[in-house]
Amino acid sequence: MRLGVSTYSYWHFRGDRYPIEKVMEHATELGLAGVEILHRQMESEELPYLMKLKRTAFSLGLDIYCLAIHQDFVQPDAEERQRHIDHTKHCLQLAHELGIPAIRLNSGRWKTVASFDELMQRGGIEPPIEGYTESDAFGWVIGAIEACLPAAERYGVILALENHWGLTATAQGTLKIVTAVNSDWLKVCLDTGNLLRYEDGQVIWEPDYEGMALLAPHAILVHAKTYFGGGEWYTLDIDYNRVSQILRQANFRGYISLEYEGKEDPHTGVPKSVAMLREAFGL
-18 MRLGVSTYSY
-8 WHFRGDRYPI
2 EKVMEHATEL
12 GLAGVEILHR
22 QMESEELPYL
32 MKLKRTAFSL
42 GLDIYCLAIH
52 QDFVQPDAEE
62 RQRHIDHTKH
72 CLQLAHELGI
82 PAIRLNSGRW
92 KTVASFDELM
102 QRGGIEPPIE
112 GYTESDAFGW
122 VIGAIEACLP
132 AAERYGVILA
142 LENHWGLTAT
152 AQGTLKIVTA
162 VNSDWLKVCL
172 DTGNLLRYED
182 GQVIWEPDYE
192 GMALLAPHAI
202 LVHAKTYFGG
212 GEWYTLDIDY
222 NRVSQILRQA
232 NFRGYISLEY
242 EGKEDPHTGV
252 PKSVAMLREA
262 FGL
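Counting in the working numbering, the sequence shown runs from -18 upward without gaps.
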């Protein structure tokens, strides 16, 4: 296993975007092996900017191991789904140009709870759009991912499906998609902070370690959430010694990607997080 940091750790979609090159410098100072780039944090998609990022990472001795992108395949309208498929294919090409071996993939959600902040307060639970079912949505998502597979194979970039609310709020929902698609080009991005426990349709604000154990054998990447200063949306007490054991039992050998999501300044919160993860994972 190797330890890296997501550029998201320094920019939580609020205020001016924190420069990706600066995150790379911080990663080097912290002795990390690589960075994960948040697509929405990029200043441009033009080739000179992409090559600048690629050159900066290489000169600092860093891997760029994942491009985290957003899409939403939970769309009743086929044309709208196609727009998200096309966006995903475009980002596969971007990743290829940057030499990145994986992109983070979302399933999408119903958006019957419009506000993401409210969705987080509800633990990611929302009802389907009237007239549609979860079965409909799984079919849309599976079909959309299958449509992206030829591009993933052509560019040599793995689709890493994250347990990221919506249909992938649970390990079971995530695996339902991965199993149905059944491709070497679709794996799992296991997010330790997005996997909550649910009982009788209600959220329990505790990590779902059993769910992590289900996802770990399929994982190509792990997002390690930390919350110094309290979380932006919520705080979980994640036992990373236990997470480390789960991953080792599954023979996981990929990147542990820090996603710092605390309210404390990242310039202190990220180093604290790195130290904690190093101790837990022996890295």
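Think of the CB as a built atom: it goes at the ideal place given N, C-alpha and C, for glycine as much as any other residue.
*So, is G120 buried or exposed, given that buried needs 16 or more other C-beta atoms within 10 angstroms?*
exposed
*Quick one: give me the first and last residue of the beta strand (DSSP E) that A141 is part of.*
139 to 143
*Report all residues from its chain with a CB closer than 6 Å to the CB of A150; omit the five preceding and five following residues, and keep chain order.*
Taken in chain order, the residues that qualify are G105.
*asked:* Please list the terminal residues of the continuous alpha helix (DSSP H) segment that includes W121.
replied: 115 to 136
*Ends of the beta strand (DSSP E) at K168?*
167 to 172
*asked:* On a Cα-Cα basis, can you pick out the residue from L171, W(-8), Y30 that is closest to P198?
replied: L171
*What's the C-alpha gap between Y30 and E127?*
30 Å
*Ignore the nearest five residues each way along the sequence and tell me which others in I185's own chain have a CB closer than 6 Å to its CB.*
R178
*Report buried or exposed for Y113, applying the criterion of at least 16 other Cβ atoms within 10 angstroms of its Cβ.*
Of the residues assessed, Y113 falls on the exposed side of the cut-off, its CB having fewer than 16 other CB atoms within 10 angstroms.
_Is the beta carbon of A118 closer than 9 Å to that of P131?_
no
_Taking the beta strand (DSSP E) that R178 belongs to, which residues open and close that run?_
177 to 180
*Which residues bound the beta strand (DSSP E) around I201?*
200 to 207
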